[in-house]
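Line by line, the protein sequences are chains A and B.
My numbering applies: residue 1 is where the first sequence begins, and numbers increase by one.
My numbering applies: residue 187 is where the second sequence begins, and numbers increase by one.
Glycine residues also receive a C-beta, built at the ideal position from the N, C-alpha and C atoms.
Given the structure is predicted, the values throughout are model-derived calculations rather than measurements.
Right, one structure below, let's go through it.
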Amino acid sequence: MSETDLSARSDAQLLAMAKAGERHAFGELYSRYLTPIYRYLRSRMLDPRDAEDLTETVFLRAYRALPRYQDRGWPFSAFLYQIARRLLVDHFRGRRPEVAWSEAHAQADDAQALEHGVERTLDWEAVSAAMTRLPDEHQEVIRLRVILGFSTREAAAWLGRTEGATRVLLHRALRSLRRSVRGDDG
Amino acid sequence: MMADELLPTSPDSLDRAIDRILAGDEPGPGVSPEDAVLADFAVDLNRALAPELPRAAFVAASPARLLRRIAGESGARSSVRPSPLRRLAPALVLVLLLVFGSAGVVSASATALPGDTLYGVKRTWEAVRIHTTVRAQSRATLLVVLADERLEELVGLIVEGRSEGVAYAVSQYQAAVDALLAEEELPEGAAEHLSHHSAVLMQVQAAAPPEAVGAIETASGTSSHGQQVLEAKEQGISPSELAPGQVKKTEQAAPDTDE
Numbered sequence: 001m002s003e004t005d006l007s008a009r010s011d012a013q014l015l016a017m018a019k020a021g022e023r024h025a026f027g028e029l030y031s032r033y034l035t036p037i038y039r040y041l042r043s044r045m046l047d048p049r050d051a052e053d054l055t056e057t058v059f060l061r062a063y064r065a066l067p068r069y070q071d072r073g074w075p076f077s078a079f080l081y082q083i084a085r086r087l088l089v090d091h092f093r094g095r096r097p098e099v100a101w102s103e104a105h106a107q108a109d110d111a112q113a114l115e116h117g118v119e120r121t122l123d124w125e126a127v128s129a130a131m132t133r134l135p136d137e138h139q140e141v142i143r144l145r146v147i148l149g150f151s152t153r154e155a156a157a158w159l160g161r162t163e164g165a166t167r168v169l170l171h172r173a174l175r176s177l178r179r180s181v182r183g184d185d186g
Numbered sequence: 187m188m189a190d191e192l193l194p195t196s197p198d199s200l201d202r203a204i205d206r207i208l209a210g211d212e213p214g215p216g217v218s219p220e221d222a223v224l225a226d227f228a229v230d231l232n233r234a235l236a237p238e239l240p241r242a243a244f245v246a247a248s249p250a251r252l253l254r255r256i257a258g259e260s261g262a263r264s265s266v267r268p269s270p271l272r273r274l275a276p277a278l279v280l281v282l283l284l285v286f287g288s289a290g291v292v293s294a295s296a297t298a299l300p301g302d303t304l305y306g307v308k309r310t311w312e313a314v315r316i317h318t319t320v321r322a323q324s325r326a327t328l329l330v331v332l333a334d335e336r337l338e339e340l341v342g343l344i345v346e347g348r349s350e351g352v353a354y355a356v357s358q359y360q361a362a363v364d365a366l367l368a369e370e371e372l373p374e375g376a377a378e379h380l381s382h383h384s385a386v387l388m389q390v391q392a393a394a395p396p397e398a399v400g401a402i403e404t405a406s407g408t409s410s411h412g413q414q415v416l417e418a419k420e421q422g423i424s425p426s427e428l429a430p431g432q433v434k435k436t437e438q439a440a441p442d443t444d445e
């Protein structure tokens, strides 16, 4: 089957083919979700090579689970997200979580501000520290909806929430983060 | 501007404003000043922190590499029988903890799953936290966090294919939800947590081994029931009117439905 044929297939069709042993169908799923999974991992990891390694591991774990996988109304990418989150927990076991936006992003922001002759908009170290103080669900909704720029629908599907609940969560999360960055969350 | 200042802050208008600003437009009408500021803040976060796309070389090479890894997978997974020493390990770790009072061990146990060496340390530390949390509201907030933690453990076991621990993890999840439901004062959004639990359980159930599906369905029933009890409490209805046998099963929220 050609790559063009595969790219026209739905996730459900590709999953069925992959379960039947057609590994290239799983390769198509990999190509389809490589970027969002990588970017999610990269948003939480300083080293891009670590994010690349973990991206492949996410899909390898998903492939191993494939014989048991059943469509229960949630997108396949939401399952990949659950695996990615779990792998991050393992990755950071016994270590401080990395915040991919501390040093590197602050420097980039500084450089951009210098280039455009404007002041840096936010103190990214303060943002980074404030982010780590947020509850996990607040961090996640900000990552998916704001940092990665997912639509509310996509973010809701990954988070396992309704779109309405995701909007409410985002509203609360942004308010908390901004208050914390401004130092008036006491 | 006076009219703007009277606009209520709203998750919906914030959501729309973020989309508009990201698309290069103005926040749009009907956005309160507070939400406009939050939308600008969100867009600042996006512009500064959005991770880059994967490297072209990685995108080009990794599908073939993954397929090779898949092809090389034997599929045979060795069954690990815990050794007597491994079974004793949590007790040994606890003794060491008591002797050395190591905060590092407690910290390292934070991500332990049932069956892991440090799991006993993690649970002991949680018990200490519960018993030393006096304020009712703080205690209820902690119990929500612990119910979340039991869910994370359940998800971790499923994702890692460790089905032998799933039944125990489900029983612990049920106990955590029961403890939460028994609280008089509940933090805002507790019901929403349990609604989220149901959805996550459905997501991971999709790939759970057959022997674990029943246990996960049990956990899912626990979260659904708990959600209903908490919602009833929030509305001032007596929880006793919502005993498990009396609660009608509700459908899971679909991922693309709105509230």
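What residues in the stretch 335-352 of chain B have a beta carbon less than 9 Å from any beta carbon of chain A? Here the close residues are E338, V341, G342, I344, V345, E346 and G347.
Can you pull the chain B neighbours of A/S180, defined as C-beta to C-beta under 7 Å? By Cβ distance, chain B contributes nothing, its closest Cβ being about 12 Å from A/S180, past 7 Å.
Would A/V168 pass as a contact of B/P219 if the rule is Cβ separation under 8 Å? Their beta carbons are not under 8 Å apart, which means A/V168 does not touch B/P219 by this criterion.
Could you tell me whether the Cβ of B/S218 comes closer than 8 Å to any Cβ of chain A? So, not an interface residue.
Other residues of its chain near B/A353: CB distance less than 6 Å, five sequence neighbours each side excluded: If we look at B/A353 and ignore the five residues flanking it on each side, its Cβ neighbours are A401.
What does the Cβ neighbour count give for A/G27, buried or exposed, with the cut at 16 atoms within 10 Å? For A/G27, the number of other beta carbons within 10 angstroms of its own is at least 16, and it is reported as buried.
Would A/R167 count as contacting chain B if we go by Cβ distances under 8 Å? So yes, A/R167 belongs to the interface.
Suppose contacts are defined by Cβ-Cβ distances below 8 Å. Is B/P240 in contact with A/T152 by that definition? In this structure, A/T152 does not lie closer than 8 Å to B/P240 by Cβ.
Can you confirm whether B/Q391, when its beta carbon is compared against all beta carbons of chain A, has any partner nearer than 8 Å? Chain A, which has a Cβ nearer than 8 Å to the Cβ of B/Q391, makes this yes.
A/A155 to A/R161, Cα distance in whole Å? Cα to Cα, A/A155 sits roughly 8 Å from A/R161.
Which residue marks the beginning of the alpha helix (DSSP H) containing A/G160, and which one marks its end? From DSSP, A/G160 is part of no alpha helix (DSSP H); its letter is neither H nor E.
Does A/F150 have its Cβ less than 8 Å from a Cβ in chain B? False, the Cβ-Cβ gap to chain B never drops below 8 Å.
May I ask you to report which of helix, strand or coil DSSP gives A/R44? Assignment of A/R44 by DSSP, reduced to helix, strand and coil, places it in the coil class.
B/P249 - containing alpha helix (DSSP H), residue span: Per DSSP, B/P249 is one residue of the alpha helix (DSSP H) stretching across A242 to G258.
If you pair each beta-carbon of the stretch 63-70 of chain A with each one of the stretch 389-396 of chain B, do three or more pairs fall below 8 Å? Flag = yes, the stretch 63-70 of chain A and the stretch 389-396 of chain B touch.
Give the secondary structure of B/D198 by DSSP, where H, G and I count as helix, E and B as strand, and everything else as coil. DSSP places B/D198 in helix when its eight states are reduced to three.
Applying a beta-carbon distance threshold of less than 9 Å, which residues of chain A neighbour B/T297? What B/T297 touches in chain A: V89, D90, F92, R93 and G94.
What residue range is occupied by the uninterrupted alpha helix (DSSP H) comprising B/R321? Taken as a continuous stretch (DSSP letters only), B/R321 belongs to no alpha helix (DSSP H), as it is neither H nor E.
C-alpha distance - B/G412 paired with A/T166, whole-angstrom precision: Rounded to the nearest whole angstrom, the C-alpha separation of B/G412 and A/T166 is 20 Å.
List the whole-angstrom C-beta distance separating B/V245 from B/I204, where the pair is believed to meet the contact cut-off of C-beta under 8 Å. Not quite, the Cβ-Cβ distance comes to about 28 Å (not below 8 Å), so this is no contact.
If you compare alpha carbons, which of A/G149, A/E137 and A/L174 is closest to B/H382? B/H382 has its Cα closest to that of A/E137, out of A/G149, A/E137 and A/L174.
Considering only residues of the same chain and omitting the five flanking positions on each side of B/L380, which have a CB-CB separation below 6 Å? Result list for B/L380: S409, G412 and Q413, in chain order.
Counting only Cβ pairs nearer than 7 Å, list the residues of chain A close to B/E378. Within chain A, the residues near B/E378 are A165.
Amino acids of chain A, ordered along the chain, whose beta-carbon sits closer than 8 Å to that of B/V386: Result: Q82 and G160.
A/L194 (DSSP reduced to helix, strand or coil): It is not possible to answer for residue 194 of chain A, since the shown part of chain A is limited to 1 through 186.
Strictly below 9 Å CB to CB, what residues from chain A border B/P213? Correct list: empty, because the minimum Cβ distance to chain A is about 14 Å.
Is the closest heavy atom of the ligand COA to the C-beta of A/G27 under 7 Å? Among the components modelled here there is no ligand, and therefore nothing to report on the ligand COA.
List, in order along the chain, the chain A residues whose C-beta lies closer than 8 Å to that of B/P249? The contacting residues are G27, Y30, S31 and L34.
For B/I423, name the three-state secondary structure that DSSP assigns. The answer is coil: DSSP assigns B/I423 none of H, G, I, E or B.
Thinking C-alpha only, which one of B/S199, B/A377 and B/A296 is nearest B/L416? Its Cα nearest to that of B/L416, the residue B/A377 stands out among B/S199, B/A377 and B/A296.
Decide if B/P215 is buried, meaning its Cβ has at least 16 other Cβ atoms within 10 Å, or exposed. Flag for B/P215 reads exposed.
Compare the C-beta of A/R39 with all C-beta atoms of chain B and state if any pair is closer than 8 Å. At a cut-off of 8 Å between beta carbons, A/R39 contacts chain B.
Where B/H317 falls, given that 16 or more other Cβ within 10 Å makes a residue buried: An exposed status is given to B/H317, since fewer than 16 other beta-carbon atoms sit within 10 Å of its beta-carbon.
Buried or exposed for B/V330, going by 16 or more other Cβ atoms inside 10 Å? Label assigned to B/V330: buried.
Would you please verify whether the beta carbon of A/D71 is less than 8 Å from any beta carbon of chain B? Contacts with chain B at 8 Å (Cβ-Cβ) include A/D71.
Using 8 Å for Cβ pairs, my map puts B/R336 next to B/Y359. What's the rounded Cβ distance? In this structure, B/R336 and B/Y359 form a Cβ contact; the two beta carbons are roughly 4 Å apart against a cut-off of 8 Å.
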